[in-house]
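*Asks:* Once you've had a glance at the structure underneath, I'll fire off some questions.
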Ligand SMILES: Nc1ncnc2c1ncn2[C@@H]1O[C@H](COP(=O)(O)OP(=O)(O)OP(=O)(O)O)[C@@H](O)[C@H]1O
Ligand code: NI
C-alpha cells in the first residue's frame, strides 16, 4: 500500500478581529491509494479547513503555520500557485456541498466537463466531448448525449452533484476531496449519490477524502475514518472498528446521534454541550467539559493520539489511534459507555466496553 496523501502535524490559524482561531491543531493522517477515508465531526471541528489545506486553498486571514501536506510524496505547502493549480486540476478532484454553485451558469454542463478534459488532459475537442458524455452517462445522467447541452439550472440538485462527480473524475485524479457532498440533498438522493461515489472510487481506483458531520454517511462508504474535535484528531480507525468499537467517548457520543432503522428522519439528540471556542479552548483534553467520564487529570493533560492497545504514540502508519487519557494514564472510573448499533434486520445490538474487554460479542 502506498499513501497518496500524508498530512503531518498540520496547524492552521485564522487571524480574526476577535482573536486567533486555531482551526486545525497538529493534525496528522494518511490516505492510501484507492481508499475512501472519512473525516467526521461536528460543525467547527476543522474538517473543511483540513480539506482546503490539502487543496492549497487557505486564504487570508488564514495561515498554515506548521506541518506538511505530502501528495504522492511531494510537499504541497512548498509549491507555488501555478504548481498547486495543476495538482488541483490533474491529480486532485473536488466535490463540494453546493454543486450548482461550483458549476458556471453560462456554460452547459457538458461543455464545462469537456473543457476541463481538454485543458488538463490535452484531448482534442471532439474526444473531450465524447469522454464528457461517457462520464455523464457513467454517473447516472440519463440520456447523457442530450443532457450534455443542458445548463446547470436545468439540472436537479442530485444531477448537479452527479455532474460535479463527473467533473472531479474527468482528469483521472488520484484523490477526490469531497466536503459534505450530500448534505444539501434529501435522504434518498443522498444514499444514491454515496453509493455512486463509493462505486466510482472503486472503478476509477481513486482515493476519496470524504468530509461529513454525519457518522451515518461514512458508515456505508468509507474504509477508514478520522474523528475530529476542536481542530484535533481524537480517533482514527477502520470503519467497522470505529462503528462497533469506538475508543473515544466523543466517537461513542456521535454514534448515539446516528438515526436507527425504524426511527423517524429526525436525528437523535447529539452530545450535550457545544464545541469549545477555538480562540480560547479549554485546558487539558478539549472534550473534557462535555465528557461524562472526565476526571481531574483530563482538565490538566491534553491526551496524545496513541495506539489504544499499547498506549504508545500513534504514527502515520497506525490504523487505530485514540486520544484519551484512558489509554495512557488510565482513568480511575474507566470508559463505561455502551454503543447501540442497528443491525441489518433492525435489531439493536448493545455492547459495552466491558463486554468488549472480555473478548467481544460475535457480530
Ligand atoms: N475564513 C475563516 N475565518 C475565520 N475563521 C474561520 C474561517 N474558516 C474557518 N474558520 C474557523 O475554523 C474553525 C474550523 O472550521 P471548519 O469550517 O473547518 O469546520 P468544519 O468542521 O468544516 O464545520 P462544518 O461542519 O460547519 O462545515 C471554526 O471555528 C471556524 O469558525
Ligand atoms: Ni465544513
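Numbering (UniProt numbering), first residue to last: 1 to 363. Cβ coordinates follow ideal geometry from the N, Cα and C atoms, glycine included.
Could you check if residue 87 is buried or exposed, using at least 16 other CB atoms within 10 Å of its CB as the buried criterion?
*Replies:* buried
*Asks:* Beta-carbon distances below 6 Å to any heavy atom of ligand 1 define the shell here; list its residues in chain order, please.
*Replies:* 14, 16, 21, 23, 41, 43, 44, 45, 46, 47, 48, 49, 61, 62, 213 and 278
*Asks:* Which runs of the beta strand (DSSP E) fall wholly inside the stretch 34-87 and span at least 3 residues, in chain order?
*Replies:* Counting only runs of 3 or more, we get 36-40 and 62-71.
*Asks:* In chain order, what residues of the same chain lie with their CB nearer than 7 Å to the CB of residue 295, ignoring the 5 residues before and after it?
*Replies:* 331, 332 and 333
*Asks:* Does residue 134 pass the burial test, meaning 16 or more other C-beta atoms within 10 Å, or should it be called exposed?
*Replies:* exposed
*Asks:* Output the distance between the C-alpha atoms of residue 4 and residue 288, rounded to the nearest integer angstrom.
*Replies:* 34 Å
*Asks:* Comparing the CB of residue 367 with every heavy atom of ligand 2, is any distance shorter than 8 Å?
*Replies:* Here the chain covers residues 1 to 363 and nothing more, so residue 367 does not appear.
*Asks:* Taking Cβ to Cβ, would you say residue 231 is nearer than 9 Å to residue 23?
*Replies:* For the 9 Å CB-CB criterion, residue 231 and residue 23 form a contact.
*Asks:* Going by alpha carbons, who is nearest to residue 215 out of 328, 101, 239 and 49?
*Replies:* When only C-alpha atoms are compared, the closest one is 239.
*Asks:* Can you check which of these residues, 316, 323, 300 and 302, is closest to residue 308 by C-alpha distance?
*Replies:* 323
*Asks:* Three-state secondary structure (DSSP) at residue 223?
*Replies:* coil
*Asks:* Would the stretch 239-258 and the stretch 58-67 be scored as touching if the rule is three or more Cβ pairs under 8 Å?
*Replies:* no
*Asks:* How far does the alpha helix (DSSP H) with residue 126 in it reach, from first residue to last?
*Replies:* 125-138
*Asks:* Name the one or two DSSP bridge partners that residue 14 has.
*Replies:* 21 and 62
*Asks:* Quick one, which of 335, 279, 325 and 285 has its alpha-carbon nearest residue 20's?
*Replies:* 279
*Asks:* What does a CB cutoff of less than 7 Å around residue 179 pick up in its chain, not counting 5 residues either side in sequence?
*Replies:* 48, 51, 96, 97 and 211
*Asks:* Grab me the residues of residue 291's own chain with a C-beta within less than 8 Å of its C-beta, minus the 5 sequence neighbours each way, in chain order.
*Replies:* Within the same chain, Cβ atoms closer than 8 Å to the Cβ of residue 291 are found at 249, 250, 285 and 298, the five residues on either side in sequence being excluded.
*Asks:* Does the stretch 93-112 come close enough to the stretch 33-45 to have 3 or more Cβ pairs within less than 8 Å?
*Replies:* no
*Asks:* Among 206, 219, 225 and 172, which one has its Cα closest to the Cα of residue 194?
*Replies:* 219
*Asks:* Exposed or buried, residue 146, counting other C-beta atoms within 10 Å across all chains shown (16 or more means buried)?
*Replies:* Taking every protein chain shown into account, the CB of residue 146 has fewer than 16 other CB atoms within 10 angstroms, so this residue is exposed.
*Asks:* Just the Cα atoms here: how many angstroms apart are residue 221 and residue 33?
*Replies:* 16 Å
*Asks:* Let me check you understand the geometry: is the CB of residue 87 closer than 8 Å to at least one non-hydrogen atom of ligand 2?
*Replies:* no
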